[in-house]
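Enquirer:
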Amino acid sequence: MNGDMEIQQTKNVELKSLMCRILNDKKNYSKDERIAACEQLQQALTLANDVANIGCDWKKLIEDLLFVIKTRQQLDVKRWVSDCLGSLGCIMFSQYNEYLKVMLAEAKLIPDKYEDDKALVLKAVFLSLDLIGNFSWQSRIKLQDVEVLMTAIKNWLEVNDSSVILISLLDTCLAVSKYFPAVFKHSFDDVVDFTVGWYIEPDQPKAVLDKCHQMLVELRPYWHSAIPAAITLMKQFLDDASAYIEDIKTNESKPENMLAKTAAILRALITMLEVLNTPVSPLVADFVEKVFGRIIQLLTHLDDVFATKIGTVFGYMAEVLCIALEIYPKLDFLVNSMKALKIMFKHPSVNEKTMLKILECIGKVKCLSFKLFLCFLICILSSMITIW
């Protein structure tokens, strides 16, 4: 009995010592020393295995750690503190719902202008789930707690306009999809809608594009159980691309805007084709068969459009054809792809740099005959290239 009490007191002293170093940013401790203390705190929390074993009040611990994030501190230190909050969350178990209430409430209280701080608090929630999954502790968490979390995350996605916060929100969704599929399947459609909404906007930060791409790709098991919905989404992408190109005809003063939107839509289509590449269902094959004709149709509408962004659009069109050929390697489609590339290369807005960008898709195709054709095409077209 006395031995247990001594161990608990020792743990309490250790945590207090670490927190003292983390909180003290002005006098005694350097940034590196504070980060080292955060790393030790993370290890101490995960080794405790249960919040009941940490030897101090977890609410006070959260309060102190959140204080670091919400005050003017070095960003590197704040990031490590966010990791500590994640480590604490992963050992909450029966009290996980209380942890979530505190964290989500605190994130909402942070003013919008401090979006980095909000994102770090939400990132801690994601990390807690990720650690729970990595340690295979899902059975220790009540599913209703994760359900409540997903409802809160979707509500946040509904109103969020910050790309920084979006990353943490989507990371949380990914963790739930990976470790709590029974919960996530009910939110799949909503999360996809939010993700696609961000993904098809032109001029998004690279971090957003990468995260949306990761989101759609890592949801592959869910897509394979929802092939008709995926086909409908891809058809909508093609329809939207057609509508944007039609708009160029009626709004010739701003072709760059429409081309940027078209490029973003085609980028999303490419991602979805990647997701559905294997195994290929008859529905996907049927859709791919129509893709070749639609791309040729879009190209003919761009015959008399002259703009710098047309090369980007052509690059994405070429990649669509490449992936479509991988999915459904058929001679007719190879011929149509040849015709499409010939149209692209002859367009007056395509210069040498753009042409090389279009040809980058060669390495992405497994179809050997298509690769050989492209190599042959390069030889022929090299004599046509002039210096722009």
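Under our numbering, the sequence shown is numbered contiguously, ending at residue 448. For every residue, glycine included, the Cβ atom is placed at its ideal position computed from N, Cα and C.
Classify S8: buried if its beta carbon has 16 or more other beta carbons within 10 angstroms, exposed otherwise.
Expert: Residue 8 lies beyond the stretch modelled for the chain, which goes from 61 to 448, so this question has no answer here.
Enquirer: Report buried or exposed for L343, applying the criterion of at least 16 other Cβ atoms within 10 angstroms of its Cβ.
Expert: exposed
Enquirer: Which two residues bound the contiguous alpha helix (DSSP H) that contains T338?
Expert: Segment: none, T338 is in no alpha helix (DSSP H) and carries neither H nor E.
Enquirer: Quick check on this structure: which residue in H273, D346, S247 has the alpha carbon closest to the alpha carbon of A324?
Expert: Relative to A324, the option among H273, D346, S247 whose CA is nearest is H273.
Enquirer: Between the stretch 395-414 and the stretch 354-370, can you find at least three pairs of beta-carbon atoms closer than 8 Å?
Expert: yes
Enquirer: For the pair the stretch 189-198 and the stretch 146-153, tell me if three or more CB-CB distances fall below 8 Å.
Expert: yes
Enquirer: Are D143 and Q102 touching if we call contact CB-CB under 8 Å?
Expert: yes
Enquirer: Considering just the uninterrupted stretch of the alpha helix (DSSP H) at L160, what are its terminal residues?
Expert: 156-169
Enquirer: Take D110 and list the residues in its own chain whose beta-carbon comes closer than 7 Å to its own, dropping the five residues that flank it on each side.
Expert: I151, F153
Enquirer: Can you tell which of L362, P265, G257, E278 has the C-alpha that lies nearest to the C-alpha of A235?
Expert: E278
Enquirer: Would the beta-carbon of M404 fall within 8 Å of that of L359?
Expert: yes
Enquirer: Grab the span of the alpha helix (DSSP H) containing E218 for me, first residue to last.
Expert: Its alpha helix (DSSP H) spans residues 203-219.
Enquirer: Suppose you measure from the CA of V181 to the CA of E261; what does that come to, to the nearest Å?
Expert: 26 Å
Enquirer: If the criterion is Cβ atoms closer than 8 Å, does the pair K295 and D250 meet it?
Expert: no
Enquirer: To the nearest angstrom, report how far apart S460 and A96 are at their CA atoms.
Expert: This structure cannot speak to residue 460, because the chain is shown only from 61 to 448.
Enquirer: Return the CA-CA distance between I225 and E74, expressed in angstroms with no decimal places.
Expert: 33 Å
Enquirer: Could you say which of L160, E166, K91, G375 lies nearest to F127 if we only look at CA atoms?
Expert: E166
Enquirer: In three-state DSSP terms, what is M79?
Expert: In the structure shown, M79 sits in a helix (DSSP, three-state: H, G or I).
Enquirer: For Q264 and D221, I'd like the C-alpha separation in whole angstroms.
Expert: 12 Å
Enquirer: Between which two residues does the alpha helix (DSSP H) carrying M415 extend?
Expert: For M415, the enclosing alpha helix (DSSP H) stretches over residues 412-419.
Enquirer: What separation, rounded to the nearest whole angstrom, lies between the Cα atoms of G115 and V141?
Expert: 19 Å
Enquirer: Pick helix, strand or coil for S228, following the three-state DSSP scheme.
Expert: helix
Enquirer: DSSP three-state label for E74, please.
Expert: helix
Enquirer: Is it the case that the Cβ atoms of F352 and N311 are separated by a distance below 8 Å?
Expert: Contact annotation: F352 and N311 have beta-carbon atoms that are not nearer than 8 Å.
Enquirer: What are the start and end residues of each continuous alpha helix (DSSP H) run of 4 or more residues lying completely inside the stretch 270-358, in chain order?
Expert: 280-283, 287-310, 315-335
Enquirer: Rounded to whole angstroms, what's the CA-CA distance from I387 to D92? Just pull it up for me.
Expert: 51 Å
Enquirer: Given 8 Å as the limit, is there contact between the stretch 413-420 and the stretch 371-385, that is, 3 or more CB pairs closer than that?
Expert: yes
Enquirer: Of all the options L333, L217, D190, which has the alpha carbon lying nearest to the alpha carbon of S247?
Expert: L217
Enquirer: Taking the straight line between their C-alpha atoms, what separation do you get for R354 and A179?
Expert: 41 Å
Enquirer: Inspect the beta-carbon positions of V243 and L269 and report whether they are closer than 8 Å.
Expert: no
Enquirer: How big is the Cα-Cα spacing for I82 and E99?
Expert: 10 Å
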